[in-house]
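Okay, so here's the structure we're looking at.
Protein chains: 2
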Amino acid sequence: MTVVGSIAFDAVKTPWGERDRLLGGSAVHFALAASFFGDVRVVGPVGDDFGEEEYAVLHARGVNTEDIERVAGGKTFFWSGEYEYDLNTRLTHETQLNVFADFQPKLSEASRESDLLFLANIQPELQREVREQCPRTRLVALDSMNLWIETARDSLVRTIEGVDCVLINDAELRQLTARPNLVQAAREVMDWGPHTVVAKQGEYGAAMLTREGYFSLPAYPLESVIDPTGAGDCFAGGFLGYLAAHPDEDLSHDALRRAMAYGTALASFNVEEFGTERVQRLTGEEIAERVSELRRFTEFVDAPVPLRS
Amino acid sequence: MTVVGSIAFDAVKTPWGERDRLLGGSAVHFALAASFFGDVRVVGPVGDDFGEEEYAVLHARGVNTEDIERVAGGKTFFWSGEYEYDLNTRLTHETQLNVFADFQPKLSEASRESDLLFLANIQPELQREVREQCPRTRLVALDSMNLWIETARDSLVRTIEGVDCVLINDAELRQLTARPNLVQAAREVMDWGPHTVVAKQGEYGAAMLTREGYFSLPAYPLESVIDPTGAGDCFAGGFLGYLAAHPDEDLSHDALRRAMAYGTALASFNVEEFGTERVQRLTGEEIAERVSELRRFTEFVDAPVPLRS
Numbered sequence: 068m069t070v071v072g073s074i075a076f077d078a079v080k081t082p083w084g085e086r087d088r089l090l091g092g093s094a095v096h097f098a099l100a101a102s103f104f105g106d107v108r109v110v111g112p113v114g115d116d117f118g119e120e121e122y123a124v125l126h127a128r129g130v131n132t133e134d135i136e137r138v139a140g141g142k143t144f145f146w147s148g149e150y151e152y153d154l155n156t157r158l159t160h161e162t163q164l165n166v167f168a169d170f171q172p173k174l175s176e177a178s179r180e181s182d183l184l185f186l187a188n189i190q191p192e193l194q195r196e197v198r199e200q201c202p203r204t205r206l207v208a209l210d211s212m213n214l215w216i217e218t219a220r221d222s223l224v225r226t227i228e229g230v231d232c233v234l235i236n237d238a239e240l241r242q243l244t245a246r247p248n249l250v251q252a253a254r255e256v257m258d259w260g261p262h263t264v265v266a267k268q269g270e271y272g273a274a275m276l277t278r279e280g281y282f283s284l285p286a287y288p289l290e291s292v293i294d295p296t297g298a299g300d301c302f303a304g305g306f307l308g309y310l311a312a313h314p315d316e317d318l319s320h321d322a323l324r325r326a327m328a329y330g331t332a333l334a335s336f337n338v339e340e341f342g343t344e345r346v347q348r349l350t351g352e353e354i355a356e357r358v359s360e361l362r363r364f365t366e367f368v369d370a371p372v373p374l375r376s
Numbered sequence: 068m069t070v071v072g073s074i075a076f077d078a079v080k081t082p083w084g085e086r087d088r089l090l091g092g093s094a095v096h097f098a099l100a101a102s103f104f105g106d107v108r109v110v111g112p113v114g115d116d117f118g119e120e121e122y123a124v125l126h127a128r129g130v131n132t133e134d135i136e137r138v139a140g141g142k143t144f145f146w147s148g149e150y151e152y153d154l155n156t157r158l159t160h161e162t163q164l165n166v167f168a169d170f171q172p173k174l175s176e177a178s179r180e181s182d183l184l185f186l187a188n189i190q191p192e193l194q195r196e197v198r199e200q201c202p203r204t205r206l207v208a209l210d211s212m213n214l215w216i217e218t219a220r221d222s223l224v225r226t227i228e229g230v231d232c233v234l235i236n237d238a239e240l241r242q243l244t245a246r247p248n249l250v251q252a253a254r255e256v257m258d259w260g261p262h263t264v265v266a267k268q269g270e271y272g273a274a275m276l277t278r279e280g281y282f283s284l285p286a287y288p289l290e291s292v293i294d295p296t297g298a299g300d301c302f303a304g305g306f307l308g309y310l311a312a313h314p315d316e317d318l319s320h321d322a323l324r325r326a327m328a329y330g331t332a333l334a335s336f337n338v339e340e341f342g343t344e345r346v347q348r349l350t351g352e353e354i355a356e357r358v359s360e361l362r363r364f365t366e367f368v369d370a371p372v373p374l375r376s
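From first to last, the protein sequence lines stand for chains L and G.
Numbered by the numbering used here, the letters in the first sequence go through residues 68 to 376 in order.
Numbered by the numbering used here, the letters in the second sequence go through residues 68 to 376 in order.
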């Protein structure tokens, strides 16, 4: 797998504490989550302040960092934000693009030949440039956000036309299509080209529409949520990771359903602690156990009942 | 089953149209939904303006109206409200208690001997008075709302202590317990007495905690939602109805899971048209088909994958 997206330092404040400088960014969260399933290559720029300690976190999970471009004299992307009491409302205090402002993605031969490509949430033009460098990729997935819908919608739609799968927040899916109904919104995006649309619903889970039908999975119920930052990218990492681990399998509705379960599991671990802390010491056994629990928490066997018409 | 709650006329405005005078009220929506599963008795007051046409809707579905108290010279409970663009935000324009202001519930012998009792959303003291008239009921369930949490919380908690099952909106469950975490909030309510807590999540579905564990079910995906009024009560009607149709079955986690599916199905039909219009011409076959679809939309079979720890 190859991921292009932000590599960042985050300052995060939640009702449970705050941290000044966490390793973060969509590409980092994706890569750590996906690393449980197969090889991952990260494409993106960092500054001089991105040091051995940060590389070590990625290398400890076997993530390939050859395509991380270190800009001499530059500063790494920085985000600071705050979550309110119920963690559903996020307030951005500051976004410093820094080295991202002039980023021109150049993929190595190895990254271009990846089986799967994830275009994490960055400028739609950059996503498109990367996508065009990978014509033979089996599956290209994309995330985006309200900023690009508001400032670069035409470019974003053009980028979406060239990908297979869109993973996006449900509110942003509605905003993107100007359709309040989720199913209608997903159908509209599929009309543009993608065969799969996943609407991420935060604490409620995620819903998916494919050409074969609908699937929905609640989030894993947690008694303690510490920091939601990166949950969506970990979801994408688990989702694409599962598909990457089955290179010979069709991208069938059944396989995509299972991918949803792995995405849900990875996202649930991510939010249990600040930044990448929980995923850094996660084990494969814990992931497998949580997927089994998710199945138990959502399955029911119908025992039909005589109904009075 | 017996239900005590409002019997109302509703004036509803949504982005898709408006109606001046719809038959509504929590007891009516519950009764129509539950009528597919067994006998239902409605307890509540109406005014002179509640006529043959309204009774006929209930009688057409076999609902017993002997305990509906007609107050001479009185006016039926009236609610008017409006839904915004995405139907998730509801604005109440007016609530006229009318005959409900002086309501003193008097249950007939037959209502007191019901197998299941639903205390729909009314003043907690009234709910408690009804509950105390039904000491032998197999399952007593309750709904409530922010108004009572804000104005009569102590009374509501005392009422909850005496019931088996609480069905409530997730935001109100958080408000009631002052706990932002849903699982913690549900546990706290269970500490007060109930063995089952269902958090209704609107378009996202519903989550349930019992002494045996957790279960969650997304809502049925609809491409057209016309009027969400009464969805929660139809959910309760399907949920309790399923349990009423299995009088000899333990209230096991498995049975409650299946009940969640029937509740979800009934709620989904309700919102497809204004007021009670869709449920009035619903058939048992349609309900069974939707429950099967819900199972298909949520089930996945895990195919374990080698995970790299």
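Idealized CB from N, CA, C, for every residue including glycine.
As the structure is a computational prediction, the values presented were derived from the model and not from experiment.
Flag residue i as yes if its beta-carbon sits less than 7 angstroms from any beta-carbon of chain L, otherwise no.
i	result
residue 153/G	yes
residue 344/G	no
residue 281/G	yes
residue 354/G	yes
residue 246/G	no
residue 130/G	no
residue 374/G	yes
residue 350/G	yes
residue 205/G	no
residue 290/G	yes
residue 150/G	no
residue 311/G	no
Reducing DSSP to helix, strand and coil, say where residue i ends up.
i	result
residue 136/G	strand
residue 112/G	strand
residue 313/G	coil
residue 227/L	helix
residue 190/G	coil
residue 253/L	helix
residue 201/L	coil
residue 70/G	strand
residue 94/G	helix
residue 168/L	coil
residue 284/G	strand
residue 362/G	helix
residue 298/L	helix
Would you decide whether residue i is buried or exposed? Buried here means 16 or more other CB atoms lie within 10 Å of its CB.
i	result
residue 197/G	buried
residue 143/L	buried
residue 152/L	exposed
residue 72/L	buried
residue 121/G	buried
residue 155/L	exposed
residue 139/L	exposed
residue 83/L	exposed
residue 128/G	buried
residue 172/L	buried
Look up residue i in the DSSP assignment and give the residues it is bridged to.
i	result
residue 78/G	147/G
residue 152/G	Its beta-bridge partners do not exist; DSSP assigns none.
residue 89/L	77/L
residue 162/G	146/G
residue 107/L	Its beta-bridge partners do not exist; DSSP assigns none.
residue 173/G	Paired residue(s): none; residue 173/G is not in a bridge.
Examine the ligand SAH and report whether any of its heavy atoms sits within less than 6 angstroms of the Cβ of residue i.
i	result
residue 224/L	With respect to the ligand SAH, the structure offers nothing, as it holds no ligand at all.
Within the 7 angstroms Cβ cut-off, does residue i reach chain G?
i	result
residue 302/L	no
residue 369/L	yes
residue 234/L	no
residue 250/L	yes
residue 183/L	no
residue 364/L	yes
residue 100/L	no
residue 122/L	no
residue 256/L	no
residue 336/L	no
(request) Would you be able to state if there are at least three C-beta pairs under 8 angstroms between the region 211-224 of chain G and the region 284-292 of chain G? (result) Not touching, per the Cβ criterion.
(request) Would you check if the region 228-236 of chain G and the region 260-270 of chain G touch, i.e. whether three or more CB-CB distances between them fall below 8 angstroms? (result) Result yes; three or more Cβ-Cβ pairs closer than 8 angstroms.
(request) Indicate whether the contact test is met: 3 or more Cβ pairs, each with one atom in the region 99-109 of chain G and one in the region 341-359 of chain L, closer than 8 angstroms. (result) Below 8 angstroms, too few C-beta pairs join the region 99-109 of chain G and the region 341-359 of chain L to call them touching: fewer than three.
(message) For the region 81-100 of chain G against the region 361-368 of chain L, do three or more pairs of beta-carbon atoms, one drawn from each stretch, fall closer than 8 angstroms, so that the two count as touching?
(response) Below 8 angstroms, too few C-beta pairs join the region 81-100 of chain G and the region 361-368 of chain L to call them touching: fewer than three.
(message) Pairs of beta-carbons, one from the region 330-341 of chain G and one from the region 267-284 of chain G, closer than 8 angstroms: are there three or more?
(response) Segments in contact, yes.
(request) Could you tell me whether the region 149-166 of chain G touches the region 76-87 of chain G, where touching means 3 or more Cβ pairs closer than 8 angstroms? (result) The region 149-166 of chain G is in contact with the region 76-87 of chain G.
(message) I'd like to know if the region 235-247 of chain G and the region 179-186 of chain G are in contact, where contact means that at least 3 CB-CB pairs between them fall below 8 angstroms.
(response) No, because fewer than three Cβ pairs between the region 235-247 of chain G and the region 179-186 of chain G fall closer than 8 angstroms, the two stretches do not touch.
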